[in-house]
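Chemist:
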Amino acid sequence: MSKAEDEETRRGYEWHVRRHARKLADGVGLIMLGVSLSTLGTLLPQHKAEDIDKVIEWIDDVIKHESHELISFSSNQTHPESFLVFIVTLIIGITMLRNEVEDNRDYHEAYPRMNFRYSQEERRAVGREHLAWIIGCVALIVLVHVLIALFTNHVWPSALNTGLSQLALTAGVWGLVYSSVWYGRVNVKVYNFMSLRSMNIYELRKHDEINGIPDYRSVREKNYSDWDANLSHFSIALGVLTAAAFYYLPTLRTSLFWIPMLVILIIGLIIRSFIVHHAINAFEK
-11 MSKAEDEETR RGYEWHVRRH ARKLADGVGL IMLGVSLSTL GTLLPQHKAE DIDKVIEWID
49 DVIKHESHEL ISFSSNQTHP ESFLVFIVTL IIGITMLRNE VEDNRDYHEA YPRMNFRYSQ
109 EERRAVGREH LAWIIGCVAL IVLVHVLIAL FTNHVWPSAL NTGLSQLALT AGVWGLVYSS
169 VWYGRVNVKV YNFMSLRSMN IYELRKHDEI NGIPDYRSVR EKNYSDWDAN LSHFSIALGV
229 LTAAAFYYLP TLRTSLFWIP MLVILIIGLI IRSFIVHHAI NAFEK
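With the numbering used here, the residue at position 160 of the sequence shown is 148, and numbering never jumps.
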């Protein structure tokens, strides 16, 4: 591939990664923003609206059915509008994240391998930029919490303090998600490794070489990629279920529950990092 072709491929790759980073950050940020707005909504006067109560009752029935009655919301919502804001932003945010995951998978299928590489100087520059994002986001979160602690003097309603804290956390997490995904673009070898998730192992065996790599090596790398995907899905599912159980099932808010779950999650992530590291060193040029 010529230098001009490499540069064109790189521009398209960076356009995709930036778009992917922004959409992931938007999905996570929208869900957290819904939590913040629902908290601030409790500052509004309490009132009852029969139509809204019916909608909430219907949503509660659906959630109870889907969770086999493990999750149930209070039937007496004092601020139903806040609850609806939370539910709507949650649904939209999850939909955005799901669509973006599918879009990213489509890109990997269309462009399964990148042959260009970032220079050491480029990687260092991107690393400095990423570090600046991390410092800025963490500083924003800490600064807002410090200002709230110093100037509210317990005069403001607790819901206002909590809501402002959650807004600061939302902004900080948005920046951290965006910068982390955008920084990850320099790991082109990891991109190539991840692309094998969407490739058919039987298609790989039809060819003597895949992008200059012998087929048996591609199949072995594909197996590692599948293990990595399985561990990723397991970690996400475990994290979501643990958070949901911790939030909705008060009886499980004990160290006997969340510490083993946290240990399992950490072990899974460590094993995944070893798999990725070994596969990159063994198979990627």
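Glycine included, each C-beta is placed from N, C-alpha and C at the ideal position.
My understanding is that ARG116 touches VAL176, with C-beta atoms under 8 Å, so please give their C-beta distance in whole angstroms.
Modeler: Here residue 116 is taken as the residue at index 128 of the sequence shown, counted from 1. Here residue 176 is taken as the residue at index 188 of the sequence shown, counted from 1. At roughly 19 Å, the Cβ-Cβ gap does not stay under 8 Å, so ARG116 and VAL176 are not in contact.
Chemist: Within the stretch 166 to 191, note down every full beta strand (DSSP E) run reaching 3 residues or more, in order along the chain.
Modeler: As far as the stretch 166 to 191 is concerned, it has no whole beta strand (DSSP E) run of at least 3 residues.
Chemist: Would you kindly work out how many angstroms separate the C-alpha atoms of TYR171 and SER213, rounded to a whole number?
Modeler: By one-based count along the sequence shown, residue 171 stands at place 183. By one-based count along the sequence shown, residue 213 stands at place 225. Each residue's Cα considered, the two are about 21 Å apart.
Chemist: Taking only three categories from DSSP, how would you classify VAL5?
Modeler: Counted from its first residue, the sequence shown places residue 5 at position 17. VAL5 falls in the helix class under three-state DSSP.
Chemist: I'd like the list of long-range same chain contacts for ILE80, defined as Cβ closer than 8 Å, with 5 residues on each side in sequence excluded.
Modeler: Here residue 80 refers to the residue found at position 92 of the sequence shown. These residues qualify, in order along the chain: LEU18.
Chemist: Assuming GLN154 contacts SER24 under a Cβ cut-off of 8 Å, what Cβ separation, rounded to an integer in Å, is found between them?
Modeler: Taking the sequence shown and counting its residues from 1, one reaches residue 154 at position 166. Taking the sequence shown and counting its residues from 1, one reaches residue 24 at position 36. Correct: roughly 4 Å between the Cβ atoms.
Chemist: Is PHE222 near the ligand FAD, with its Cβ less than 7 Å from a heavy atom?
Modeler: Within the structure as shown, the ligand FAD is missing, as the structure has no ligands at all.
Chemist: Measure the Cβ-Cβ separation of LEU219 and GLY160 and say whether it is below 8 Å.
Modeler: Residue mapping note: residue 219 aligns to position 231 of the sequence shown, counting from 1. Residue mapping note: residue 160 aligns to position 172 of the sequence shown, counting from 1. The answer is no: Cβ separation not under 8 Å.
Chemist: Taking buried to mean at least 16 other C-beta atoms within 10 Å of its own C-beta, is THR83 buried or exposed?
Modeler: Numbered from 1 along the sequence shown, position 95 holds the residue referred to as residue 83. The residue is exposed, with fewer than 16 neighbouring Cβ atoms inside 10 Å.
Chemist: Beta-carbon within less than 7 Å of GLU(-5)'s beta-carbon, same chain only, minus the 5 sequence neighbours each way: which residues are those?
Modeler: Residue numbering aside, residue -5 sits at position 7 when the sequence shown is read from its first letter. Taken in chain order, the list of residues that qualify is empty.
Chemist: Using 8 Å as the threshold, is the C-beta distance between LEU164 and ILE122 below it?
Modeler: For the purposes of this step, residue 164 is taken as the residue at position 176 of the sequence shown. For the purposes of this step, residue 122 is taken as the residue at position 134 of the sequence shown. Yes.
Chemist: Between MET187 and the rest of its own chain, which residues show a CB-CB distance below 7 Å, the 5 nearest in sequence each way excluded?
Modeler: Residue mapping note: residue 187 aligns to position 199 of the sequence shown, counting from 1. So the list reads PRO100 and LYS210, once near-sequence residues are dropped.
Chemist: Is DSSP giving LEU32 helix, strand or coil here?
Modeler: To locate residue 32, count along the sequence shown from 1; it is residue 44. The answer is coil: DSSP assigns LEU32 none of H, G, I, E or B.
Chemist: Tell me whether THR77 is buried or exposed, calling it buried when 16 or more other Cβ atoms sit within 10 Å of its Cβ.
Modeler: Here residue 77 refers to the residue found at position 89 when the sequence shown is read from its first residue. Buried, because 16 or more other Cβ atoms sit within 10 Å of the Cβ of THR77.
Chemist: Given this structure, state the Cα-to-Cα distance separating SER168 from VAL114, to the nearest angstrom.
Modeler: Within the sequence shown, the letter at position 180 stands for residue 168. Within the sequence shown, the letter at position 126 stands for residue 114. In a straight line, the C-alpha of SER168 is about 11 Å away from that of VAL114.
Chemist: Quick one, are the C-beta atoms of THR27 and THR150 less than 8 Å apart?
Modeler: Numbered from its first residue, the sequence shown carries residue 27 at position 39. Numbered from its first residue, the sequence shown carries residue 150 at position 162. Yes; because the gap between Cβ atoms is below 8 Å, this pair is in contact.
Chemist: Would you mind reading off the limits of the alpha helix (DSSP H) that contains TRP246?
Modeler: Translated into positions along the sequence shown, residue 246 becomes position 258. Start and end: 243 to 271.
Chemist: Can you give me the C-alpha to C-alpha distance between THR230 and SER243, rounded to a whole angstrom?
Modeler: In the sequence shown, counting from the first residue as 1, residue 230 sits at position 242. In the sequence shown, counting from the first residue as 1, residue 243 sits at position 255. Rounded to the nearest angstrom, the two C-alpha atoms are 12 Å apart.
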